[in-house]
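Each residue of the sequence shown is one higher than the one before, counting from 61 in this note's numbering. For glycine and all other residues, C-beta sits at the position ideal for the given N, C-alpha and C. Please read these numbers as outputs of a predicted model, since none were measured by experiment. Please read the structure below before turning to the comments.
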Amino acid sequence: MMEYRELKENEICRELFKDFIRRQEVKKCWRKEEGTWVVRDVPFIDDWSEADYQTLTACLKNTAATGGLVYAFFCDGTLKGFASVESEMFAGEEKYLDLTSLHVSADMRGRGIGKELFLAACRWAKEKGARKLYISGHSAVETQAFYKAVGCREAKVYNQKHVWAEPCDCQLECELS
């Protein structure tokens, strides 16, 4: 049985992620060099440590507690995907809401789950009055291909809390029409 639904703060705990597989084998990433985006070989395995899961759990609980959205996909009662959007609008006239997470378990990727989670996040943000969804997305070629396919582009305004010294993430926006 498959189910998409909003998670409440009291449902979010480390145990919720016990069968979630974060692992992503990255080979190529986008990097901005002298103002131009290029693809570079940057092989590594992206996975979460126990500390990362603890941080994620705390962040998602905070998102739910402060009026944001935590939206999840379950397969046979097991969490296999989730997205989160913060409730605080920023960037003045741009009216961004921040998509702080979008992840699908490795064993469920390529089935349209990420797209459905993304579209639910867009609908929710639009209902809250946002004009754009802000995404600090992983720079992996596959991740960026997903965001491009759903209509995202480089953000006009960067949220400085997401800009790191290393170019690990791409700052994106998606118009909410």
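Where residue i falls: helix, strand or coil (DSSP)
i: residue 188; result: coil
i: residue 203; result: helix
i: residue 195; result: strand
i: residue 170; result: coil
i: residue 113; result: helix
i: residue 225; result: Note on residue 225: pLDDT 46, under 50, position unreliable in the model; the coordinate value appears next. Three-state result, residue 225: coil.
i: residue 132; result: strand
i: residue 83; result: coil
i: residue 123; result: helix
i: residue 212; result: coil
Cβ neighbour criterion (16 or more within 10 Å) applied to residue i
i: residue 130; result: buried
i: residue 233; result: buried
i: residue 101; result: exposed
Check: residue i C-beta below 7 Å from any heavy atom of the ligand COA
i: residue 70; result: As far as ligands go, the structure on display features none, and thus does not contain the ligand COA.
Nearest-angstrom beta carbon gap, residue j and residue i [assumed within contact, 8 Å]
i: residue 236; j: residue 193; result: 6 Å
* Kindly confirm or deny that the region 66 to 75 and the region 117 to 134 touch, where touching means at least three C-beta pairs closer than 8 Å. => yes
* Asked: Does the count of Cβ pairs from the region 129 to 145 and the region 93 to 107 closer than 8 Å reach three?
  -> no
* Asked: How about the region 78 to 86 and the region 94 to 114: do they share at least three Cβ pairs that are nearer than 8 Å?
  -> yes
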